[in-house]
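In what follows, a structure is listed as structure tokens, so that the remarks can point back to it.
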Amino acid sequence: MRVFSNVTKTAATETGLMGTPVLCDEWYLCRLTLSVPTLADLQWGMFPQPYLGAVGPDAAPGSVVYRLTARQRDGTIGIAHFLLLDGGEDSFEVDRSSGEVRTTGRPLTPSREYMLRVQAVDTQGRKGPPTTVAILAGFRPPQFTNASYTLTVPENTPVGQAVAMVGAISFQRKTLSYMLLVNPGNLFSVNQESGALSLTRTVDFESGHTLHILQVRASEPDTGLSGVAEVVVHITDENDCTPEFLHSIYSRDNIPEATAPGTSLLQVLARDCDTGLNSELSYFIQSPDFTISSRGVISPSQRLDYERPNHMYEFVVVAVDNGTPPRTGTASIRFRMANTNDEAPIFSQAVYKTFLSEDAGPDTLVAIVHANDPDGDGVSYAITGGNEDSNFELDNQKGIIKLRRSPPPILRGPQYILNITATDDNAADGPYPLSNSAQVIVGINDINNNKPVFEECHNYSVNTGVLENQPPGTFVLRVHALDADMGVNGEVKYGIMHRDGTSSGFVINSDTGVISTTVSFDRERQREYALSVTATDLAQEPLISICQITILITDQNDNDPKFENSRYQYFLREDTPVGTSFLRAAAHDDDQGSNAAITYSLSRQQPAYLHINPSTGWVYVNHPISQTSRISQQIVATDGGNRSSSVELTVIITNVHNQPPQWGQLEYWVTVPENTVRDAKIVTIKATSPLGDPRVTYNLEEGQVPETNMPVRFYIKPNRADGSASILVAEPLDYETTRFFTLRVRVQNVAAVPLASFTTVYVNVTDVNDNVPFFLSSTYEATIPEGAEIGTSVAQVSATDLDSGLHGMINYVILKDESGDSQYFSINSYTGVIHTRASFDREQKGSYLIEVQSQDSSESARPGQQGQPNTDTAYVRILVTDVNDNAPAFAQSVYEVSVEEDKEVGFVLITVTANDEDEGANAKLRYQITSGNTMGTFDVEPEVGTIFVAQHLDYEMEQRYELRLVASDGKWENESLVVVQVVNRNDEAPVFGQTEYHAAVTEELIELPIFVLEVSATDPDQEADQSALRYSLHGQGAGSEFTIDERTGHIYAQRRLDREERPAWRFLVLATDEGGAGLTGFADVLLEVRDINDNAPVFPCPALDALGCFVGHVPENSPADTSVMEMRATDLDDPKAGKNAILTYPHRTKRSQ
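Numbering-wise (UniProt numbering), the sequence shown opens with residue 1 and increments by one.
Here it is, written out as structure tokens:
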């Protein structure tokens, strides 16, 4: 902290700051007092004054006449020496150390006054100023230390407290007696023995009597000597007055809200009956909207706003004086604003969100917008954007948006964004109308009325195949279905239907529709697969479509050709001509196409006795065979993929005279049903030997493919009785696996060189009805919109039957059940398409379960099913999807609720909900208030129906609202009436008939209490109990000098008033409603105290006192009317009230005796 000196130092000095704590009024203001000694402070001076002394003319030598004392100017007493500079005519001497003035013994002249000039000097030689001491040789009257005293006495000094000590010196060392010679108004008294002055009553600086001139006399009763001194008393001000505004309430009406900042609006003035700093006032206000100057001028600090509660600014102004401690006074400021069109309408929401069903019809309520103009202007509405299709119409006065009447609206999702502009009518007289905008976002709720559609379903089976032997995960096909709905209603998920516990070998990605394999397929085991692929939308009540796809397993060359027989043997006569065909080799390849195209060849041999047709497999004699007895070669079968197999061909050349057995038939044909039992004989064959021994043996050649009895399905059994043989069934046959067999039978004679011959038995297996028409899935799910027309397709079921012909021809029926659900549906017996036989209402029943049966067209060959076709059953669950066909319904047609008018904005009145028997999006409701909502006082949470306060309520403006509350599901709507009763609350303070009351009362009346005046207030609240008003006083004299009857408003003076002490009183009168517990109104009361002549004129000192203040001088022989002196008296009465203080000075002549 830096400390600067504010005095000029005459020499280099060291300033010390003692360790006394520094006291600060505020953090930024600290007061320091520094004492810096100067050279003058270090000079010596002598006392006491006056420097007067007395001594008897015959005083003995060495008599002490006076004692000097010295001290420095800073008040400290140090070591000093005293010098007699001159004077005294050697009759007196001064002791250098003690300062005593003593007689020297020289004779003194009676009544002569000796003047001695003395000086004080310190040990360092520094001298004080010389002083003259006057010593009278004789008797000197008592002498006061000062000829005149000036005192300051603070007002409010307690009575009897010493305010000064006026001491005198008795030179004869006598006891002194003090008295007041001049004491105006007997305000002071003096202690007869000590000379202490004190007050006889309290003094008030503000009374105006601040100067008092006294004369005090000190006398020696023994000698009769006395001395007089003047005492001038100044009554000083103390900060005992509180600043008082001229009015307790300042108000101004009709202030334009467009008033510019800094414009002077009002000047307040406060007075402080103190003086000086105590009366200097500063003004402050407790409002950020206004500023106040040092002269009390109030101006706006920012733009004002009419749209405040009650259109009024109300705040407190504070006057603070400069006293210590300061005193404050307050007044209320009320500014009532005048409206100006300076604010645009304000929408209750910047963005309104609502929704409609895509099938909403004409006149459907869309939304209600509301804008409130803070200036109180009327508001009109217009659609200024987003309505390019003209689907929406707007009531420009009510803000109600509806769908157009004609032509019917055509709504397209997902949403519309409407720009709504609200424009005021400029009734508040602005420069031009003002407008504001809001958005209304209208979401279009899609109706799930479209099933997913496989547009390419019929092409999938044509072009779809998967190569056998590929690893799991191989891509097969990507299906795609389109759903014309929007949002989740148009989002599609894919699936594959299959019977419980079975796997189709395929999987589908539910999002992309990509079908891939889960296993590696073998075409030779199953050449095709039927899949039921589903497309399901994601609606709450989804719709499903099914696409039947046949997936072919395409061939890979993974099989070698297989000969029908494991070996070939043939007997040829040696004379068989070249070119003779004698044997056909047959091979099969389980592959397909070129992979199964077989080419035959023979192993090389020289000479080439044999040749084989590469295409047919017929073996020919290519070279004369008589030169050989046996031919052995390999027959090779090669497919199109260069896979091959071989079989041995043995040709035995026989003598022309040897003959092999002869067959009764070159070939045998037989037809057997597939359900032929094991060991059943299907055919009898016979061969005979032309040799002498007729015995022959039969053998069924081993085949290598199913069609040639591999695996074994037949065996041969010789019949000894007639030399024939029978072929019997070894294992059950299956038409669906192998429909045709070619059996090669060898017969051999009994000879030294046995010969054999062959025949072929062709077995045609016929189909029997032994397969059940299996459904692809045990459970189907389908959907039907409620209200759909009779005959609407619901779903298609499909079954497969491995049998053929009538055995595999499937018919579909719906089985009757106890629930009765079957009666509402029919099924096409050939296609399996299920149709409706009724129109459904989801609200009555939401789902149906029917059992469908597939049956083939002939009697079953399965055990226990005689006379009946084969059948299978599946369940179809049909869900009735919701259609928005129900309007919302309120539980009550009228709701009643009450609300106190002082409830804050946002207070919830009631939650009113409607019920919609639809479900999902069709039951999603939106609530809106369509009428009765004056000035937008209320609003509703659109999704929950909660009605709340949106604007401040005022019972005095509106007591009852009838709100039309509409609930809409986007297509249908319904309404209910909500009656809101506003309950009156005490929100209006009582108002006095006058803002300021004036009255007068005469001072000094003693018949108390005295009626002064009557005040009256009224309560503006409607239905308020006016008798419940209670009056009270606040401010100067309230409760002491003045009281009020709390019921009647009569004000009384309770004490005797003295105008000279206080000429006027100002206080507040308060009126409080609700028996004194409610709101309070204010008014000013200015009470004047009327003067009476209760004060006599007073001269400042007693007249004609020789020692008084009225002593005149006139030269002798002066003419008549010569001015001798001027005498003035004062009168404390009011000079403005009659003649009470108008003084006259009559002259009374005192005649000589």
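Ideal Cβ positions, reconstructed from N, Cα and C, are used throughout, including at glycine.
Using DSSP with H/G/I as helix, E/B as strand and the rest coil, what is GLY1138? coil
Here's the rule I'm using: 16 or more other beta-carbon atoms within 10 Å means buried, otherwise exposed. How should ALA782 be labelled? buried
Are PHE217 and TYR178 closer than 8 Å when you measure CB to CB? Rather than Phe, the amino acid found at residue 217 in this sequence is Arg. In this structure, TYR178 lies closer than 8 Å to ARG217 by Cβ.
What is the C-beta distance between SER854 and ILE810, in whole angstroms, given that I count them as a contact (C-beta under 8 Å)? 5 Å
Taking just the CA atoms, how far does ASN642 sit from THR517? 29 Å
Cα-Cα, which of ILE79, SER148, ARG1030 is closest to ALA168? SER148
Sequence-distant residues of its chain with Cβ nearer than 6 Å to ASN771 (five each side left out): ASP801, LEU802, ASP803
Quick check: what's the CA-CA separation for LEU68 versus PRO61? 19 Å
Take VAL318 and list the residues in its own chain whose beta-carbon comes closer than 6 Å to its own, dropping the five residues that flank it on each side. PHE284, THR328, THR330
With HIS458 as the anchor, note down where its beta strand (DSSP E) starts and where it stops. Careful: HIS458 lies outside any beta strand (DSSP E), inside the alpha helix (DSSP H) at 457 to 463.
Whose C-beta lies closer than 7 Å to the C-beta of TYR824 among residues of the same chain, with five residues either side of it excluded? THR836, ARG837, ALA838, TYR848
Determine the extent of the beta strand (DSSP E) in which TRP1065 is found, giving its start and end residues. 1064 to 1072
Residue from LYS127, GLY88, ALA120 whose Cα sits closest to the Cα of ARG112: GLY88
Let's see if you can read the secondary structure: which residues bound the beta strand (DSSP E) around LEU830? Residue 830 is actually Tyr in this sequence, not Leu. It is not in any beta strand (DSSP E) - TYR830 carries neither H nor E in the DSSP assignment.
Here's the rule: buried if 16 or more other CB atoms are within 10 angstroms of the residue's CB, otherwise exposed. What is GLU280? exposed
May I ask you to report which of helix, strand or coil DSSP gives ASP821? helix
Would you mind working out which of ILE368, VAL320, ASP375, ILE508 sits nearest ASN396, comparing C-alpha positions? ILE368
Note down, in chain order, each residue of its chain lying with its Cβ closer than 7 Å to the Cβ of GLY703, except the 5 sequence neighbours on either side. GLU564, ASN565, ASN709, MET710
Let me know the secondary structure DSSP gives PRO309 once reduced to three states. helix
Smallest Cα separation from VAL64: which of PHE82, VAL94, GLN72, ASP86? VAL94
Is the segment 628 to 643 close to the segment 595 to 603, with three or more CB pairs under 8 Å? yes
Assign ILE447 to buried or exposed, taking buried as 16 or more other Cβ atoms, counted over all protein chains shown, within 10 Å of its Cβ. buried
How long is the line joining the alpha carbons of ILE1044 and GLU901, rounded to whole angstroms? 33 Å
From HIS1147 to PHE1099, what does the alpha carbon distance come to, in whole angstroms? 15 Å
For the segment 903 to 913 against the segment 856 to 863, are there 3 or more C-beta pairs whose distance is under 8 Å? no
Pick out whichever of THR145, ALA1077, VAL1012, ALA596 has its Cα sitting closest to the Cα of ALA989. ALA1077
If ALA1017 and VAL991 are in contact, beta carbons under 8 Å, what's the gap, nearest whole angstrom? 6 Å
Would PRO300 pass as a contact of THR263 if the rule is Cβ separation under 8 Å? yes
So, for MET115: in the same chain, excluding its five sequence neighbours on each side, which residues have a beta-carbon less than 7 Å away from its beta-carbon? GLY87, THR132, ALA134
PRO785 - partner residues in DSSP beta bridges: THR881
Excluding five sequence neighbours on each side, which residues of the same chain lie with their C-beta closer than 6 Å to the C-beta of PRO129? none
Taking only the alpha-carbon atoms, compute the straight-line gap between SER976 and VAL894 and give it to the nearest angstrom. 6 Å
Paired residues, beta bridge with ASP537 - DSSP: VAL492
Would you check if the segment 539 to 547 and the segment 615 to 624 touch, i.e. whether three or more CB-CB distances between them fall below 8 Å? no
Closest by C-alpha distance to PRO718, when choosing among GLU1074, VAL729, THR697: THR697
Going by DSSP, what residue range makes up the beta strand (DSSP E) through ILE631? 630 to 638
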